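K.L.:
Numbering (my numbering), first residue to last: 91 to 443.
Below is the structure:
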């Protein structure tokens, strides 16, 4: 990646990845900038992660950042350090910022009053906007990596519900209360609106049905928080406490029974569920008529699914039909090719069927 004059930022120095005390300044000469990297689903492990106890946090030496110290310069350096190539990325001054920072924003890394990025609590947030991008899940995002509250983690607590009963959370801190889950708020991608929260919880739980769920501020709330309201959690108060967790309720599955026109080509990007096809791999092609049916999937319950076949000529033969979840990460972000264009299957179904 180059600047306007064709010059690249200086190469990232491997020395910046060594384990260092979590302080803004580790010596008179060495200062670090702290940051996190996010997909739209949540934080991933950065290449400069330095602590097993905080594996979503990365850092760079301040002296490795060339002038001018502005947002566009720092973003280039972070993209280079993370080997993101031409990915479309935004930089937020902090993960709880409501909007990305302007490229021309001046950053103070060296002054006595420097704030942004000088400690883990003020870490920058680099957001990757490609919905198909995947990365390594930080250890704190899994049940085995959850740490106790004594470590002063700022948890977001939530409850999971199907349409008629409680669901079981993979992150529950209490075996006697299985619907209660929690995630480190640092895992939630900015801007931290209702949609970001739902996506992160669905990703951590590995239950993508909750990505399209209804989110309530608490168990007694009468109306769900709307995705379109674009309301930052920071603006509407500290939601998700242990005493009053937020609530996610699975949406009523959509049901479509017919569609006219030729089969649509579905190219899988990743696979992580039992599809009924046996072994499948990234890049494999299936065909669908985009008919949606409620199907049972182990570990996910009853979810909306598209019926698919490998050979388009057998689409109407029941013995050859299998179902791929519409809300599963493996398939919701797959590409449907129509002539020269590609768009998500979900978008295609909602607009053209």
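The beta carbon of each residue, even a glycine, is placed where N, CA and C say it ideally should be. Predicted model only: the values in this text are computed from it and were never measured.
Is residue 403 buried or exposed, if buried means 16 or more other CB atoms sit within 10 Å of its CB?
P.N.:
It is exposed - the Cβ of residue 403 has fewer than 16 other Cβ atoms within 10 Å.
K.L.:
Is there contact between the stretch 171-184 and the stretch 134-151, where contact requires at least three CB pairs shorter than 8 Å?
P.N.:
Taking 8 Å as the limit for Cβ pairs, the verdict is that the stretch 134-151 does touch the stretch 171-184.
K.L.:
Residue 120 by DSSP, collapsed to three states: which one?
P.N.:
It is coil, neither helix nor strand.
K.L.:
Under the rule that 16 or more other beta-carbon atoms within 10 Å means buried, what is residue 328, buried or exposed?
P.N.:
Result: exposed.
K.L.:
Look at the alpha carbon of residue 269 and the alpha carbon of residue 338, and state the distance between them as a whole number of angstroms.
P.N.:
If I take the Cα positions, the gap works out to 10 Å.
K.L.:
With distances taken from CA atoms, which of 264, 274, 181 is nearest residue 196?
P.N.:
Comparing Cα positions, the closest option is 181.
K.L.:
How should residue 293 be labelled, buried or exposed, when 16 other C-beta atoms within 10 angstroms of its C-beta is the threshold for buried?
P.N.:
Result: buried.
K.L.:
Determine contact between the stretch 294-311 and the stretch 202-213, defined as no fewer than three beta-carbon pairs at a distance below 8 Å.
P.N.:
Touching, no.
K.L.:
Quick one: any contact between the stretch 255-262 and the stretch 158-167, if contact means 3 or more CB pairs under 8 Å?
P.N.:
They do not touch, by the three-pair rule.
K.L.:
Got a sec? Which residues, its chain only, sit under 8 Å from residue 187 by beta carbon, not counting five neighbours each side?
P.N.:
If we look at residue 187 and ignore the five residues flanking it on each side, its Cβ neighbours are 215, 280, 281.
K.L.:
Are the CB atoms of residue 335 and residue 275 within a distance shorter than 8 Å?
P.N.:
In this structure, residue 335 does not lie closer than 8 Å to residue 275 by Cβ.
K.L.:
Would the beta-carbon of residue 219 fall within 8 Å of that of residue 179?
P.N.:
Against a cut-off of 8 Å, the Cβ pair of residue 179 and residue 219 comes out as a contact.
K.L.:
List the whole-angstrom C-beta distance separating residue 128 from residue 217, where the pair is believed to meet the contact cut-off of C-beta under 8 Å.
P.N.:
Indeed they touch by this definition, with Cβ atoms about 5 Å apart.
K.L.:
Spell out the partners DSSP gives residue 219 in its beta bridges.
P.N.:
Residue 219 is not bridged to any residue.
K.L.:
Are there 16 or more other CB atoms within 10 angstroms of the CB of residue 259, so buried, or fewer, so exposed?
P.N.:
So residue 259 ends up on the buried side.
K.L.:
So for residue 254, helix, strand or coil by DSSP?
P.N.:
Reduced to three states, the DSSP call for residue 254 is coil.
K.L.:
Am I right that residue 199 and residue 155 are in contact with their C-beta atoms under 8 Å? What's the rounded C-beta distance?
P.N.:
Yes, residue 199 and residue 155 are in contact; Cβ-Cβ is about 7 Å, under 8 Å.
K.L.:
Shortest alpha-carbon distance to residue 316 belongs to which of 287, 374, 208, 309?
P.N.:
Answer by Cα proximity: 287.
K.L.:
Inspect the beta-carbon positions of residue 353 and residue 375 and report whether they are closer than 8 Å.
P.N.:
For residue 353 and residue 375, no; Cβs fall outside 8 Å.
K.L.:
How should residue 208 be labelled, buried or exposed, when 16 other C-beta atoms within 10 angstroms of its C-beta is the threshold for buried?
P.N.:
Looking at its Cβ environment, which holds 16 or more other Cβ atoms inside 10 Å, residue 208 is buried.
K.L.:
With a threshold of 16 other CB atoms inside 10 Å of the CB of residue 340, please say whether the residue is buried or exposed.
P.N.:
Buried, since its Cβ has 16 or more Cβ neighbours within 10 Å.
K.L.:
Check residue 130 in the structure and name its three-state DSSP category.
P.N.:
It is coil, neither helix nor strand.
K.L.:
Given a cut-off of 8 Å on the beta-carbon distance, is the pair residue 273 and residue 261 in contact?
P.N.:
It is a contact, given that the beta carbons lie within the stated cut-off.
K.L.:
With DSSP run on the structure shown, which of helix, strand or coil describes residue 295?
P.N.:
It is helical.
K.L.:
Taking the continuous alpha helix (DSSP H) assigned at residue 167, which residues delimit it?
P.N.:
Segment 161-171, the alpha helix (DSSP H) holding residue 167.
K.L.:
Starting from residue 148, trace the beta strand (DSSP E) in both directions and tell me its first and last residue.
P.N.:
Where residue 148 is concerned, the enclosing beta strand (DSSP E) stretches over 148-151.
K.L.:
Cα separation between residue 311 and residue 395?
P.N.:
Residue 311 and residue 395: Cα-Cα distance of roughly 30 Å.
K.L.:
How is the beta strand (DSSP E) around residue 338 delimited, first residue to last?
P.N.:
First-last of the beta strand (DSSP E) with residue 338: 336-339.
K.L.:
Output yes or no for whether 8 Å exceeds the beta carbon distance between residue 141 and residue 247.
P.N.:
The answer is no: Cβ separation not under 8 Å.
K.L.:
Starting from the C-beta of residue 132, find all residues in its chain whose C-beta is less than 6 Å away, skip the five residues before and the five after it, and write them out in chain order.
P.N.:
Here the set comprises 277, 279, 290, 293.
K.L.:
On the CB-based measure, 16 or more other CB atoms within 10 Å of its CB, does residue 89 come out buried or exposed?
P.N.:
The first residue shown for the chain is 91 and the last is 443, placing residue 89 beyond what the model contains.
K.L.:
Run through the DSSP bridge pairs and tell me what residue 271 is partnered with.
P.N.:
DSSP lists 248 as partners of residue 271.
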